[in-house]
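Here's the structure we're looking at; comments come further down.
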Amino acid sequence: MRVLVYQQFHPGHHYAYLHHLLPRLARVADEVVVALTPEGRASPEFATFLEPFEGLVRFDATLPSGHDRVIKNQRFRVYLDLRHAVRRIAPDHVLIPSGDPHTTVMGLFRLAGLGGMPQHCPAEIGIHFGRGVAASRPREMVKERVDAAKVSLAGWHRVHLVNLLFYEQIVQRGGAFARKCTLLPHPVAANPRLDKIESRRRLGLPDAGRLIGIVGVIDNRKAVGELAAAFRDADLQPSDRLVLIGRLDPKHRAMLAREFTDLTRAGRLIVLDRFLSLEDYAASLTALDVVSIPYPGFDALSSVLLEAVAAGRPVLATDRGWSRALVARFDLGWTCNILDPAALKSAVRTAMAECDAYQESEAVRRLLTFHSPDNFAESWLTEIRKARGMAPSADFHPWSWVVDALPPDRRALL
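Residue numbers for the sequence shown follow numbering that gives the first Met the number 0, beginning at 0 and rising by one.
Structure, rendered in structure tokens:
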């Protein structure tokens, strides 16, 4: 069996997904061809994530250039690029881990009688859009219906949805399309879980006191000023500190210097403004008592939230969409309206007071197993194993296995 893995974009998570998928895929397929662009083949992302698999799979770097932000008039082009690659490579099965722009036009091709995949080749796709019940306004709700219709009409053999709430909404409606859908894990590597003191010393942080903070790229999507104000007003212990670890947006840096010099002078605001290696990133999470993910207007999956849970730390997150649902169902910490000063101050106070009581449940352990890199890879191999007459992998755990560990009143639509 020849399997085509189609990846037209390379920034962000795109090649990281392939890094987890390719080794296991190569064990069950006779030949694996990875289609990418010349720019992707020459990129630092390729050197980091894919170069180790030279010789294990074949890299076909002939795709036309693709941008990770595809505007409307490019979507027909990227879908045609996909069809041309399938005709040229003639695979028995196609995997498209990041296929949002291709899906938006494939249904139109089928409705116009132009067909889906050439030679009716079975194709599986990963979909990152969709908000599910987080779409609360009329316009958002209409868009959700349209998005679901686009994916349904596209005729994919299997659809892997990233957003839990979008997946649940489709499953609730039922029908043939719902039976094609699975919830796709977001691969989260196991955290070494260094001791808290060891983690702090690695980063040069104080041993004593409780720490709440933000880890990773601290860009303009994160409510840094709001969190700092809430921390200052929360009447915490003098040894409690707010820590920002990762590259800081210059606007945030200027704002902190202008408005929070009192916290900095008192040693209660610590900023480690630098690039983090994977090891330092993992240690940053275990150095904290509470990991904050203050995205005011963010409804989608947060990788930092999952990585904090993998580090064994409770979170303080926005009371919206995916974050609200996950924190509530798995008792992962606290949520609030990040832009409500009183609510955020109260949440900071509560989180700092209760963080030591956080315990990892069986449901949380299953959640982490579901989002492991191995489970991510195996989620793409179920249909290929079936087509080859192979037994299902004992390493694969579907979302229903996670839900079974939740109390009945937290299982939502499942």
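Ideal Cβ placement from N, Cα and C applies to all residues, glycine included.
*Sort out for me which residues DSSP pairs Tyr-5 with in a bridge.*
Residue numbering aside, residue 5 sits at position 6 when the sequence shown is read from its first letter. Paired residue(s): Ala-34.
*Arg-319 to Met-0, Cα distance in whole Å?*
Position 320 of the sequence shown holds residue 319. Position 1 of the sequence shown holds residue 0. Rounded to whole angstroms, Arg-319 to Met-0 spans 43 Å at the Cα level.
*Quick one: give me the first and last residue of the alpha helix (DSSP H) that Ser-198 is part of.*
On the sequence shown, position 199 is the one that residue 198 refers to. Run containing Ser-198: 195-202, per the alpha helix (DSSP H) assignment.
*List the residues that DSSP assigns as beta-bridge partners of Asp-59.*
Position 60 of the sequence shown, counting from 1, holds the residue named residue 59. Looking at the DSSP assignment, Asp-59 forms a beta bridge with Ala-34.
*Since His-119 is in the beta strand (DSSP E), which residue starts that stretch and which ends it?*
Working through the sequence shown from its first residue, we reach residue 119 at position 120. From DSSP, His-119 is part of no beta strand (DSSP E); its letter is neither H nor E.
_C-alpha distance - Gly-296 paired with Met-389, whole-angstrom precision_ = Position 297 of the sequence shown, counted from the start, is the residue given in the question as residue 296. Position 390 of the sequence shown, counted from the start, is the residue given in the question as residue 389. If you take the alpha carbons of Gly-296 and Met-389, they lie about 44 Å apart.
*Measuring alpha carbon to alpha carbon, tell me which of Ile-213, Ala-324, Pro-10 and Glu-38 ends up nearest Asp-288.*
Residue 288 sits at position 289 when you count from the first residue of the sequence shown. Considering only alpha carbons, the answer is Ile-213.
*Start and end residues, beta strand (DSSP E) containing Phe-316*: As a first step, residue 316 is located in the sequence shown; it is residue number 317 there, counting from the start. The sequence given here places Ala at residue 316; Phe does not occur at that position. Counting along the chain, the beta strand (DSSP E) containing Ala-316 begins and ends at 314-317.
*Assumed close pair Gly-131, Glu-139 - CB separation to whole angstroms, cut-off 8 Å*: Here residue 131 refers to the residue found at position 132 when the sequence shown is read from its first residue. Here residue 139 refers to the residue found at position 140 when the sequence shown is read from its first residue. Their Cβ separation, rounded to whole angstroms, is 10 Å, which puts Gly-131 and Glu-139 out of contact at 8 Å.
_Pro-293 vs Thr-317 beta-carbon contact at 8 Å_ = Translated into the one-based positions of the sequence shown, residue 293 becomes position 294. Translated into the one-based positions of the sequence shown, residue 317 becomes position 318. Taking 8 Å as the Cβ cut-off, Pro-293 and Thr-317 qualify as a contacting pair.
*Please state whether DSSP places Val-216 in a helix, a strand or coil.*
Numbered from its first residue, the sequence shown carries residue 216 at position 217. Correct three-state label for Val-216: coil.
*Do the stretch 92-100 and the stretch 3-17 touch if we need at least three Cβ pairs shorter than 8 Å?*
yes
*In this structure, does DSSP put Glu-377 in helix, strand or coil?*
Translated into the one-based positions of the sequence shown, residue 377 becomes position 378. The answer is helix: DSSP assigns Glu-377 an H, G or I state.
*Tell me, please, which residues DSSP counts as bridged to Leu-268.*
Taking the first residue of the sequence shown as position 1, residue 268 is located at position 269. BP columns for Leu-268 point to Leu-241.
*Neighbour-count burial assignment, Asp-67, 16 or more Cβ in a 10 Å radius*: Working through the sequence shown from its first residue, we reach residue 67 at position 68. In this prediction, Asp-67 has a pLDDT of 48, which is less than 50 and means its spatial position is unreliable; what the coordinates show is noted afterwards. When all chains shown are included, Asp-67 counts as exposed.
*When burial is assigned at 16 or more other CB atoms within 10 Å of the CB, is His-119 buried or exposed?*
As a first step, residue 119 is located in the sequence shown; it is residue number 120 there, counting from the start. His-119 comes out exposed.
*Please classify Ile-244: is it buried, with 16 or more other beta-carbons within 10 angstroms of its beta-carbon, or exposed?*
Counting from one through the sequence shown, the residue named residue 244 turns up at place 245. Per the 10 Å Cβ criterion, buried.
*Roughly how many angstroms separate the alpha carbons of Ile-196 and Leu-271, rounded to a whole number?*
As a first step, residue 196 must be located in the sequence shown, where it is residue number 197. As a first step, residue 271 must be located in the sequence shown, where it is residue number 272. So the alpha carbons of these two residues sit roughly 17 Å apart.
_Counted within 10 angstroms of its Cβ, other Cβ atoms place Trp-400 as buried (16 or more) or exposed_ = Here residue 400 refers to the residue found at position 401 when the sequence shown is read from its first residue. Counting Cβ neighbours within 10 Å, Trp-400 comes out exposed, since fewer than 16 surround it.
*Taking the C-alpha atoms as reference points, what is the distance between Leu-160 and Glu-167?*
On the sequence shown, position 161 is the one that residue 160 refers to. On the sequence shown, position 168 is the one that residue 167 refers to. Computed Cα separation, rounded: 10 Å.
*In angstroms with no decimal places, state the Cα-to-Cα distance between Val-31 and Ala-25.*
For the purposes of this step, residue 31 is taken as the residue at position 32 of the sequence shown. For the purposes of this step, residue 25 is taken as the residue at position 26 of the sequence shown. Approximately 6 Å between the Cα atoms of the pair.
*Leaving out five residues on either side along the sequence, give the residues of the same chain with a beta carbon under 7 Å from the beta carbon of Arg-387.*
What you label residue 387 is simply residue 388 of the sequence shown in a count that begins at 1. Only Met-0 and Val-27 meet the Cβ criterion.
_Segment contact, 8 Å Cβ cut-off, at least three pairs: the stretch 36-44 with the stretch 8-22_ = yes
*asked:* Considering just the uninterrupted stretch of the beta strand (DSSP E) at Val-158, what are its terminal residues?
replied: Translated into the one-based positions of the sequence shown, residue 158 becomes position 159. It spans 157-160 - the beta strand (DSSP E) in which Val-158 sits, taken as one unbroken run.
*Give me the Cα-Cα distance between Arg-257 and Ile-217, rounded to the nearest whole angstrom.*
Counted from its first residue, the sequence shown places residue 257 at position 258. Counted from its first residue, the sequence shown places residue 217 at position 218. If I take the Cα positions, the gap works out to 18 Å.
_If you reduce the DSSP assignment to three classes, tell me which class Val-347 lands in._
On the sequence shown, position 348 is the one that residue 347 refers to. Helix, per DSSP.
*Name the two residues that bound the continuous beta strand (DSSP E) containing Ile-95.*
Looking up residue 95 in the sequence shown gives position 96. Per DSSP, Ile-95 belongs to the beta strand (DSSP E) from 92-95.
*Measure from the alpha carbon of Ala-393 to the alpha carbon of each residue in Leu-268, Asn-374 and Ala-207, then state which is nearest.*
The residue given as residue 393 occupies position 394 in the sequence shown. Nearest option by C-alpha distance: Asn-374.
*Throw me the rounded Cβ distance for the Leu-241 and Leu-262 pair, which I believe falls under 8 Å.*
In the sequence shown, the residue the question calls residue 241 occupies position 242. In the sequence shown, the residue the question calls residue 262 occupies position 263. Yes, Leu-241 and Leu-262 are in contact; Cβ-Cβ is about 7 Å, under 8 Å.
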